[in-house]
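>
Residue numbers (the working numbering): 2 to 211.
As structure tokens, then:
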């Protein structure tokens, strides 16, 4: 199954947006220009690299950084949809390549050597998104998992409308420092349904002693 992801067009320097360059070159990218090629680097290897020189991240900053980079390098796949927000404008794309490293951009001027080719599709206004999807865009990361909104993103990306007739609330719970749980619940959920949901969570697999 394909997934859907958020990619912000502000790699390396949050004051410089790159959406026009991304669209002209049929690509998206993230920053960290002082990192070398991350091809075949695992999540744990990326964490180790970011905790060392020159970035020396630790704590929450490290957790956010390596989760963001890991999504772009390892978790995104060819065929996945991307949502790229630029102010009130929302752009959609489909990933057409694996992760690659372009050393030409590995500097502080451009600063986005970690790239993927994409096919740009449709666009819409932010207000055209459902309330739940707009809420998910509040995450303060360059990349994020939007797969729970896949049907809406796929519909809008292919130029179709999306029926948001079900009134839902998006719930985010910080399970770990670097891992959030996200799920949707109906805004009119009853006490009985809430108890059923809590019983479901109690049945989830866990490792003892932790």
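In this text, a Cβ means the ideal position worked out from N, Cα and C, and glycines have one as well. Remember, predicted model here, so these are calculated numbers, not experimental data.
Rounded C-beta distance between residue 4 and residue 151? I'm assuming under 8 Å.
In the chain shown, residue 4 corresponds to position 3, counting from 1. In the chain shown, residue 151 corresponds to position 150, counting from 1. That belief holds up - the Cβ atoms of residue 4 and residue 151 are roughly 7 Å apart, short of 8 Å.
> Within its chain, find whatever has a CB closer than 7 Å to the CB of residue 178; leave out the 5 residues flanking it on each side and keep chain order.
On the chain shown, residue 178 is found 177 positions in, with the first residue counted as 1. So the qualifying residues of the chain are 61 and 64.
> Give the secondary structure of residue 130 by DSSP, where H, G and I count as helix, E and B as strand, and everything else as coil.
Locating residue 130 in the chain shown gives position 129, where the first residue counts as 1. DSSP places residue 130 in coil when its eight states are reduced to three.
> Report the rounded CA-to-CA distance for residue 159 versus residue 97, giving the unit in angstroms.
Residue 159 sits at position 158 when you count from the first residue of the chain shown. Residue 97 sits at position 96 when you count from the first residue of the chain shown. When rounded, the distance between both Cα atoms is 16 Å.
> Kindly indicate the opening and closing residues of the alpha helix (DSSP H) around residue 65.
Position 64 of the chain shown, counted from the start, is the residue given in the question as residue 65. From DSSP, the alpha helix (DSSP H) with residue 65 extends over 60 to 71.
> Rounded to whole angstroms, what's the CA-CA distance from residue 88 to residue 14? Just pull it up for me.
Position 87 of the chain shown holds residue 88. Position 13 of the chain shown holds residue 14. Distance between the alpha carbons of residue 88 and residue 14 is about 16 Å.
> Does the region 118 to 133 come close enough to the region 51 to 60 that 3 or more CB-CB pairs lie under 8 Å?
Output reads no: the region 118 to 133 does not touch the region 51 to 60.
> For residue 115, count the other beta carbons within 10 Å of its own beta carbon; 16 or more makes it buried, fewer makes it exposed. Which is it?
One-based indexing of the chain shown puts residue 115 at position 114. Buried, since its Cβ has 16 or more Cβ neighbours within 10 Å.
> Excluding sequence positions up to five away, which residues of its chain have a Cβ less than 7 Å from the Cβ of residue 119?
Here residue 119 refers to the residue found at position 118 when the chain shown is read from its first residue. The residues are 27, 28, 29, 83, 94, 95, 96 and 97.
> So residue 143 and residue 34 are in contact, right, with Cβ under 8 Å, and what is the actual spacing, rounded?
Your numbering for residue 143 matches position 142 in the chain shown. Your numbering for residue 34 matches position 33 in the chain shown. That pair is no contact at about 13 Å.
> Less than 8 Å between the beta carbons of residue 147 and residue 136, yes or no?
Here the question's residue 147 lines up with position 146 in the chain shown. Here the question's residue 136 lines up with position 135 in the chain shown. Not a contact, by the Cβ cut-off of 8 Å.
> Could you give the distance in angstroms between the alpha-carbon of residue 6 and the alpha-carbon of residue 86?
As a working mapping, residue 6 is identified with position 5 in the chain shown. As a working mapping, residue 86 is identified with position 85 in the chain shown. Cα to Cα, the separation comes out at about 11 Å.
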